[in-house]
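Chains as they are written, first to last, in the UniProt record's numbering: chain A, 1 to 145; chain B, 1 to 145. Cβ coordinates follow ideal geometry from the N, Cα and C atoms, glycine included. Since the structure comes first, as structure tokens, the remarks are kept for the end.
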């Protein structure tokens, strides 16, 4: 198992344990995790802290050169907001846990030159399937539906 | 003067007074401001709280129906992250103070059916021109350059 996707899954599980939405992410620079996070909608009443956004926020202020030499891992296909953040900072590669329960803006990312690798990890799928079945309203709120 | 753009400019000015990047935004639902904010990169060491994101965050958790009946005002053309958030939540209209100092993802927004109105407000332009001249490194950091 990729240790960085494992770290993202650990973040997703932490979010679930807190009563939140189980999506996690890590930002990796030159083989080292420099930011990690998970969705904070429930925990902080946040409309913007999706997993990827939380990882970027926790990484703190960084020069463009760091982002451009980084990879972001996320347990779920990134929505338009998180994809937009990836484009803003010029992160060249995204590793996605799964895109079966939600298809984000992978095509937009690819069209702008971002490498998108989808693992279809069964643990990521199971986390989201179970969550969506139990909390469909919360999930719809998180994706603006 | 549009009172909502005035409120966004007031937010931008507040950010400048705090030593931050002068970009402000308000989210307006049925003629009432339900969220307001400004760029927090300097003040909170934030990599994600652009003006629009801060307004969305301060508006708190909302059902999709509210976003879909709202207008977001921003003093500067929205970057890919903020445009992605607008798309995520299905906000149908964006009023932009100016796009002369920075051109955001207006074409992407329009291609997805979002109405984008650009005021080219001279106060918005002046706020950014002065700021970029004084703090080019900070500005580049904020737009990932």
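Inset, instruction - Have a look at the DSSP bridge pairing and note the partners of residue 52 (chain B). - result: For residue 52 (chain B), which the question treats as bridged, DSSP gives no partner whatsoever.
Legend entry - Sheet register partners of residue 117 (chain A) (DSSP bridge): Residue pairing by DSSP places residue 117 (chain A) opposite A:95 in a beta bridge.
Inset, instruction - Note down the Cα distance separating residue 100 (chain A) from residue 83 (chain B), rounded to an integer number of angstroms. - result: Computed Cα separation, rounded: 24 Å.
Legend entry - Near-chain A residues of the stretch 75 to 95 of chain B - C-beta to any C-beta below 8 Å: Of all residues in the stretch 75 to 95 of chain B, 79, 80, 81, 82, 83, 84, 85, 87, 88, 89 and 90 have a Cβ within less than 8 Å of some Cβ in chain A.
Legend entry - Reference residue 141 (chain A), options A:12, A:41, A:18 and A:67, closest by Cα: Checking every option, the nearest Cα to that of residue 141 (chain A) belongs to A:41.
Legend entry - Simplified DSSP state of residue 143 (chain A), which is helix, strand or coil: Correct three-state label for residue 143 (chain A): coil.
Inset, instruction - Check the Cβ of residue 67 (chain A) against every Cβ in chain B and list those closer than 7 Å, keeping chain order. - result: Near residue 67 (chain A) (Cβ distances below 7 Å), the residues of chain B are 144.
Inset, instruction - Tell me, please, which residues DSSP counts as bridged to residue 84 (chain B). - result: Paired residue(s): none; residue 84 (chain B) is not in a bridge.
Inset, instruction - Taking C-beta pairs closer than 8 Å, name the residues in chain B that residue 41 (chain A) reaches, listed in chain order. - result: Per Cβ cutoff of 8 Å: 61.
Inset, instruction - Give a yes or no on whether the minimum CB-CB distance between residue 46 (chain A) and chain B is below 8 Å. - result: Chain B, which has a Cβ nearer than 8 Å to the Cβ of residue 46 (chain A), makes this yes.
Inset, instruction - Starting from residue 74 (chain B), follow the beta strand (DSSP E) in both directions and report where the run begins and ends. - result: Under the DSSP assignment, residue 74 (chain B) falls in the beta strand (DSSP E) whose first and last residues are 70 to 76.
Inset, instruction - Could you confirm whether any beta carbon from chain B is found closer than 8 Å to the beta carbon of residue 56 (chain A)? - result: Output row for residue 56 (chain A): interface = yes.
Inset, instruction - At 7 Å on the CB atoms, spell out the chain B contacts of residue 126 (chain A), in chain order. - result: Simply none; closest approach about 24 Å.
Legend entry - Cβ neighbour criterion (16 or more within 10 Å) applied to residue 45 (chain A): Burial call: exposed.
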